[in-house]
Each structure stands twice: as structure tokens, then as C-alpha cells.
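Visitor:
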Amino acid sequence: MMLRKLFRKPADVIVFLLFIALIAFTVYLFFFRRLNHSDFSEEEDLPMILKRDTLVAITDNSSTSYFIYKGQPLGYQYELLTEFADHLGVALRIVPVSSIEESFLRLKAGEADLIAMDLTVTAPRSDLIAFSRPLSETRQVLIQRKPLEVPKKKKKKDPVPGLITKLADLSEKTIHVQKNSSHSLRIRNLASENGININIVEVDQDSEDLIAMVSEGEIEFTVADDHVAMANSTWYDNLDITTEVSLPQDVAWAAKQGSDSLLGVLNRWLESFIGTKKYAKIYKKYFISKKSNHLKESEYHSLKGGKLSPYDALIRKHTADSPWDWRFVAAIMFEESRFNARAQSWAGAYGLMQLMPGTARKFGVKNPESPEEQIKGGIRLLNFLNEKLPDEINNPDERARYVLACYNIGMSHILDAYYLALKYNEDPSKWEVAEKYLLLKSKPKYFNDPVVKGGYARGRETRKFVQKVYNRFLDYKNTLSE
Numbered sequence: 001m002m003l004r005k006l007f008r009k010p011a012d013v014i015v016f017l018l019f020i021a022l023i024a025f026t027v028y029l030f031f032f033r034r035l036n037h038s039d040f041s042e043e044e045d046l047p048m049i050l051k052r053d054t055l056v057a058i059t060d061n062s063s064t065s066y067f068i069y070k071g072q073p074l075g076y077q078y079e080l081l082t083e084f085a086d087h088l089g090v091a092l093r094i095v096p097v098s099s100i101e102e103s104f105l106r107l108k109a110g111e112a113d114l115i116a117m118d119l120t121v122t123a124p125r126s127d128l129i130a131f132s133r134p135l136s137e138t139r140q141v142l143i144q145r146k147p148l149e150v151p152k153k154k155k156k157k158d159p160v161p162g163l164i165t166k167l168a169d170l171s172e173k174t175i176h177v178q179k180n181s182s183h184s185l186r187i188r189n190l191a192s193e194n195g196i197n198i199n200i201v202e203v204d205q206d207s208e209d210l211i212a213m214v215s216e217g218e219i220e221f222t223v224a225d226d227h228v229a230m231a232n233s234t235w236y237d238n239l240d241i242t243t244e245v246s247l248p249q250d251v252a253w254a255a256k257q258g259s260d261s262l263l264g265v266l267n268r269w270l271e272s273f274i275g276t277k278k279y280a281k282i283y284k285k286y287f288i289s290k291k292s293n294h295l296k297e298s299e300y301h302s303l304k305g306g307k308l309s310p311y312d313a314l315i316r317k318h319t320a321d322s323p324w325d326w327r328f329v330a331a332i333m334f335e336e337s338r339f340n341a342r343a344q345s346w347a348g349a350y351g352l353m354q355l356m357p358g359t360a361r362k363f364g365v366k367n368p369e370s371p372e373e374q375i376k377g378g379i380r381l382l383n384f385l386n387e388k389l390p391d392e393i394n395n396p397d398e399r400a401r402y403v404l405a406c407y408n409i410g411m412s413h414i415l416d417a418y419y420l421a422l423k424y425n426e427d428p429s430k431w432e433v434a435e436k437y438l439l440l441k442s443k444p445k446y447f448n449d450p451v452v453k454g455g456y457a458r459g460r461e462t463r464k465f466v467q468k469v470y471n472r473f474l475d476y477k478n479t480l481s482e
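According to our numbering, the sequence shown is numbered sequentially starting from 1.
Structure (C-alpha cells):
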């Protein structure tokens, strides 16, 4: 009787059964995902990247991948990652590694979303990671020194005496290669294919270090991808890179297996970006053009001289007795003035730290033209802001972000965001929570709230400032010593 009352028409029964089936299917999917994808979290895929507002990518410190020049992060991989992060509408944070093996381990541990390195696509690696579509195609080439003397009457097609041009001539030679690299695997296969004995020495150095060692006579041979070899040969004119040791191979980026939504977006972006004039310009800059040769020899190159600016010594001196890492202050300085001691904003802020005249006087700047006075005043301001923040913000990284926000927009707006977060029962010790309420201070409900003292605020610029400066600080930490 009860069922007849509930289902007066046959259509009612069908609707009810469909509803039950939908619930059952949803429950099934939930438990199936938990059982079969226990090693994968949505936090590591595209939705969490967008929520976190930051793409985290692994790459290596090298003169083609990622380095600092005059305070600015550069490199082929870095510039491509920047373009992709801009496409997603998020910030970029780099996790530097010293080996391919480390990159795989850190990706698996969930420390990054992508590996952006020259990864040769191989079957064994495909069992460990999920490759993107290829970025380019490469061949592996032998790196060797040119003979000191080349016969003047040699015809163009004649082999140069003393150069290895036939793979069989590598018999009984010693080749140094990066440990766990595709170069190591290729040379082992080469020895087997040709029935020759090659002494393979696997080391921790990367391809660029090994190329330099060949040039300087420390080792006799190494192997590198042709585009890396080509870039380095513009710096070492005593090297020959013409002997190929492999067929063409695809080079790609990689994500954790199961990162389907991230790879989908990445592959569509690569499809549209590779082949554009912008991509060609980036590729040419690092692998073909000789105009950038001077960068590597500059004292402002992180891999050579390790200096950020002419003011490094002053920054180190005046941060020695402060809570600030000198590279943190340098990151602020780059963002504010690009290390220009005479920089002046439309609002009247002046110098390396872009202090307003009244602020400069308050924090002891007697001579506004003096770079040292500017630095000392900026550090005093940072110390003041740090001392005024609530003690409950006790994580150093979170506190540093808070100080950056105060430096940009003022203490009152940031304290407003802190107390709004408390009022709405959220944890304001985390900058991302305060950032949320800083952005909300552009809405009447929030800037008219009784706990708000600073009134209306546009928080977007401050949010961007904190992101840019803190990520630049991490770039400096990645590439420069304390």
C-alpha cells in the first residue's frame, strides 16, 4: 500500500530507480578512486595548482635551463615555465635539482607538479613518470677537444686527424657521463651494438660541467644532447661536437603519473606555443645566438661570479645583525628599483628600497642619495614591521610574507585582514588566509566591518607583490650562497 501511494504512475518508479542508480554509481566511483588511486591526490593535479595559485616546477641550475643574471631569473626552461604559468594565470616557483634521479624522487614525493628538464623519452622512464608531448627532438653527440693543429690543405670533407669520427674508434676509450642519464644508457648500448669495450665513468656532474671539463683537458670525452652541446660550444671554441652517437630522440617535460588534467592543459599549450615566433626567439637566445656569450663570464651570473648587484656587500653588512636573509632584502630591492639607487616613482618614493621621503626620515635616512643610507633605512623599516606583527604569526616564512605585504600596502590594511580572519574563525597565522581577507577589503561588507580600521583596500597589487618578491627570494636562495 505504501509503495502504491508513493508511486502513483509508472514514470515515478523509473525516476526513483534512476535516482538510486545515480547514488550507487557516485558511491562506487568514490570508493573505486580511493582503492585504485591511493598514490595520487587531486592536490597534485591542475585543480590544486589553481587553488594554490602557484605552479611548482623542478629544473636544474645551468646556463641554459635556469640561472640568475643581474638579479633576474633566466634560462630556456625558466622562460618556458614562465609562459606556461602565465597561461594558467598562476605564479611560478622553481625547485632546483642536481640530478635526474633527484628530480624523479622529488616529483614522486609530491614536492612539485612538473619536471622541466631535457628529459629524453625512454620506455623505462615512462614506467615511472608521465611525459608531455615532445618539446623538441635531439641527438646525442660526442664532446671532444679539437686537435691543436689542423692541416692547412685539408679538404672540407676529409676527416680531421686526431678526431673520433667513427664509433668503432671509441674502443678502449674512457667516456665520463652523468649518472643515471640517457647518455649513460646510450653509450652502454653503443658498446654492445658495436662489440667494443668502452670504459664508462658515471659521475654526479651534469652535462655542462662535463663539457667544461673536456674543454679544460680534465677528461677526454663526454656525451651531451646536441642543443646543449651547441650552446656550450659557443663558449668553448676548442670543442668538436660533430660526431653523433644516437638517432633522433624526443625531449619532453614530465608530470606524476595520473596528472591527467595538468598534462591535458600542458599538451594543448605546447601544441599552440611550440612553433611560434616567441618560442623560436627563446630557443635561439639560449642555444644558437652568440650574443649571450658574455653573460656566462659576467660576475653577475649566478653560475660564474655569483653577484646580484653592486650593493651585495652593503646588503650583507647591514643584514648581519637582523632577522633577514640578505637575499630577501635583495629581492625586495630588485622589485622596487631594479638595483637603481636613483629610481623615483610617480608618487615620490626614492632609491633602492623606494622609501617615501617621510618614511626615509623616520627610519634614519639623512642623505637620500646614499645607497648605504637607503639600504639601512629599508632594513630598519622591515624590522619595525616585523616587531609590530602579532606574535601568533610564528612561522618564519609566513611572517616574511606578512612583512612584504605591510611593506607594500601598509600595516593597517594587513592587520585588518588578520583580524577579519580571526572574526570568521580562520587561521590568520597563514598568509594565504590573510591574503583572502585583504582581497575582500574592496567589498563594503568587509571594509565597513567594525574590526576594520584602515578602510577600503585594493589587495590585488599587494598579493602580486608578495608572490613576486617571495618567489624571487626563493630563486636567489636556489642559485646563490648565503
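Yeah, the Cβ is synthetic: ideal placement off N, Cα and C, and Gly gets one too.
Determine the closest residue to Q140 out of M356, S181 and F131, with distance taken between C-alpha atoms.
Guide: As a position in the sequence shown, residue 140 is number 140, starting the count at 1. Looking at the Cα atoms, S181 is the closest of the given residues.
Visitor: At a threshold of 7 Å, does G258 count as lining the ligand ZN (C-beta to nearest heavy atom)?
Guide: As for the ligand ZN, it is missing from this structure, which has no ligand bound.
Visitor: Please report the distance separating the alpha-carbon of Y300 from that of S309.
Guide: Within the sequence shown, residue 300 is the residue found at index 300, counting from 1. Within the sequence shown, residue 309 is the residue found at index 309, counting from 1. Cα to Cα, Y300 sits roughly 7 Å from S309.
Visitor: With DSSP collapsed to three states, give me the class of Y311.
Guide: Working through the sequence shown from its first residue, we reach residue 311 at position 311. Correct three-state label for Y311: coil.
Visitor: Taking Cβ to Cβ, would you say S442 is nearer than 8 Å to R458?
Guide: As a position in the sequence shown, residue 442 is number 442, starting the count at 1. As a position in the sequence shown, residue 458 is number 458, starting the count at 1. It is a contact, given that the beta carbons lie within the stated cut-off.
Visitor: Any idea if M333 is buried or exposed, counting beta-carbon neighbours within 10 angstroms, 16 or more meaning buried?
Guide: For the purposes of this step, residue 333 is taken as residue 333 along the sequence shown, with counting starting at 1. M333 is buried by the Cβ-count criterion.
Visitor: So, for W269: in the same chain, excluding its five sequence neighbours on each side, which residues have a beta-carbon less than 7 Å away from its beta-carbon?
Guide: Locating residue 269 in the sequence shown gives position 269, where the first residue counts as 1. Closer than 7 Å at the Cβ level, and outside the excluded window around W269, lie F84 and H87.
Visitor: Rounding to the nearest angstrom, what Cα-Cα distance links K423 and G455 in this structure?
Guide: One-based indexing of the sequence shown puts residue 423 at position 423. One-based indexing of the sequence shown puts residue 455 at position 455. Rounded to the nearest angstrom, the two C-alpha atoms are 16 Å apart.
Visitor: What did DSSP end up calling S41 once you bin it into helix, strand or coil?
Guide: Taking the first residue of the sequence shown as 1, we reach residue 41 at position 41. Unreliable positioning characterises S41 in this predicted model, as indicated by a pLDDT of 42, which lies under 50. The coordinate reading is nonetheless provided below. Reduced to three states, the DSSP call for S41 is coil.
Visitor: Spell out the partners DSSP gives Y456 in its beta bridges.
Guide: By 1-based counting over the sequence shown, the position of residue 456 is 456. Partner(s): none; Y456 has no beta bridge.
Visitor: Less than 8 Å between the beta carbons of L80 and I409, yes or no?
Guide: On the sequence shown, position 80 is the one that residue 80 refers to. On the sequence shown, position 409 is the one that residue 409 refers to. No; because the gap between Cβ atoms is not below 8 Å, this pair is not in contact.
Visitor: Report the residue ranges of all beta strand (DSSP E) runs contained in full by the region 233-309; include only those spanning at least 3 residues, in chain order.
Guide: With a minimum length of 3 residues, the continuous beta strand (DSSP E) runs that stay inside the region 233-309 are 249-255.
Visitor: To the nearest angstrom, report how far apart F339 and G351 are at their CA atoms.
Guide: For the purposes of this step, residue 339 is identified with residue 339 of the sequence shown, where counting begins at 1. For the purposes of this step, residue 351 is identified with residue 351 of the sequence shown, where counting begins at 1. C-alpha separation (whole angstroms): 9 Å.
Visitor: Consult DSSP for T122 and reduce its assignment to one of helix, strand or coil.
Guide: Counting from 1 along the sequence shown, the entry for residue 122 is found at position 122. T122 falls in the coil class under three-state DSSP.
Visitor: Which residues in the same chain have their Cβ closer than 6 Å to the Cβ of L490, if we skip the five residues on either side of it in sequence?
Guide: Residue numbering for the chain in the displayed model covers 1 to 482; residue 490 lies beyond these limits and cannot be assessed.
Visitor: Compare the Cα-Cα distances from R342 to each of E335, A331 and Q354 and report the closest residue.
Guide: Numbered from 1 along the sequence shown, position 342 holds the residue referred to as residue 342. The shortest C-alpha separation from R342 is found at Q354.
Visitor: To the nearest angstrom, how far is it from the Cα of V469 to the Cα of W235?
Guide: Position 469 of the sequence shown, counted from the start, is the residue given in the question as residue 469. Position 235 of the sequence shown, counted from the start, is the residue given in the question as residue 235. Between V469 and W235, the C-alpha separation is close to 32 Å.
Visitor: On the DSSP letters alone, give me the boundaries of the alpha helix (DSSP H) that E102 sits inside.
Guide: Indexing the sequence shown from 1 puts residue 102 at position 102. First-last of the alpha helix (DSSP H) with E102: I100 to K108.
Visitor: In whole angstroms, give me the CA-to-CA distance for V27 and G258.
Guide: As a working mapping, residue 27 is identified with position 27 in the sequence shown. As a working mapping, residue 258 is identified with position 258 in the sequence shown. The predicted model places V27 with a pLDDT of 43, which falls under 50 and marks its position as unreliable; any figure quoted below should be read in that light. Cα-Cα distance, rounded: 21 Å.
Visitor: Assuming N199 is part of the beta strand (DSSP E), what are its boundary residues?
Guide: Taking the first residue of the sequence shown as position 1, residue 199 is located at position 199. That run of the beta strand (DSSP E) goes N199 to V203.
Visitor: Once the 5 residues before and after G378 are set aside, which same chain residues still bring their CB inside 6 Å of it?
Guide: One-based indexing of the sequence shown puts residue 378 at position 378. The answer, listed in chain order, is M353.
Visitor: Using the C-alpha atoms, what's the distance from A330 back to D312?
Guide: What you label residue 312 is simply residue 312 of the sequence shown in a count that begins at 1. What you label residue 330 is simply residue 330 of the sequence shown in a count that begins at 1. Between D312 and A330, the C-alpha separation is close to 8 Å.
Visitor: DSSP beta-bridge partners for S62?
Guide: Position 62 of the sequence shown holds residue 62. Its beta-bridge partners are Y66.
Visitor: Measuring only the C-alpha atoms, how far is A417 from D226?
Guide: If you number the sequence shown from 1, residue 417 lands on position 417. If you number the sequence shown from 1, residue 226 lands on position 226. Rounded to whole angstroms, A417 to D226 spans 53 Å at the Cα level.
Visitor: Could you round the C-beta distance between L167 and N194 to whole angstroms and report it? I think they count as a contact, below 8 Å.
Guide: Here residue 167 corresponds to residue number 167 of the sequence shown, with the count starting at 1. Here residue 194 corresponds to residue number 194 of the sequence shown, with the count starting at 1. L167 to N194, Cβ: 6 Å. Contact.
Visitor: Count the other CB atoms, across all protein chains shown, that sit within 10 Å of the CB of F206; report buried if there are 16 or more and exposed otherwise.
Guide: For the purposes of this step, residue 206 is taken as the residue at position 206 of the sequence shown. The question names Phe, but residue 206 is Asp in the sequence shown. So D206 counts as buried.
Visitor: May I have a chain-ordered list of the alpha helix (DSSP H) segments no shorter than 4 residues that lie completely inside the region 398-480?
Guide: Segments of the alpha helix (DSSP H) lying fully in the region 398-480: 411-423, 431-440, 444-447 and 460-479.
Visitor: Indicate whether T501 and A116 have their beta-carbon atoms separated by less than 8 Å.
Guide: Outside the modelled stretch of the chain, which goes from 1 to 482, sits residue 501, for which no answer is possible.
Visitor: Going by DSSP in three states, T319 sits in which element: helix, strand or coil?
Guide: Reading the sequence shown from its first residue, position 319 is the one you call residue 319. Helix.
Visitor: Round the Cβ separation of A254 and A130 to the nearest angstrom and send it over; I've been treating them as touching at under 8 Å.
Guide: One-based indexing of the sequence shown puts residue 254 at position 254. One-based indexing of the sequence shown puts residue 130 at position 130. The pair is a contact, with the Cβ atoms about 6 Å apart (cut-off 8 Å).
Visitor: Leaving out five residues on either side along the sequence, give the residues of the same chain with a beta carbon under 7 Å from the beta carbon of S246.
Guide: Position 246 of the sequence shown, counted from the start, is the residue given in the question as residue 246. Within the same chain, S246 has close Cβ partners R139, Q140 and R186.
Visitor: Report yes if the C-beta distance between A112 and V56 is below 8 Å; otherwise report no.
Guide: On the sequence shown, position 112 is the one that residue 112 refers to. On the sequence shown, position 56 is the one that residue 56 refers to. Yes, these two residues count as a Cβ contact at 8 Å.
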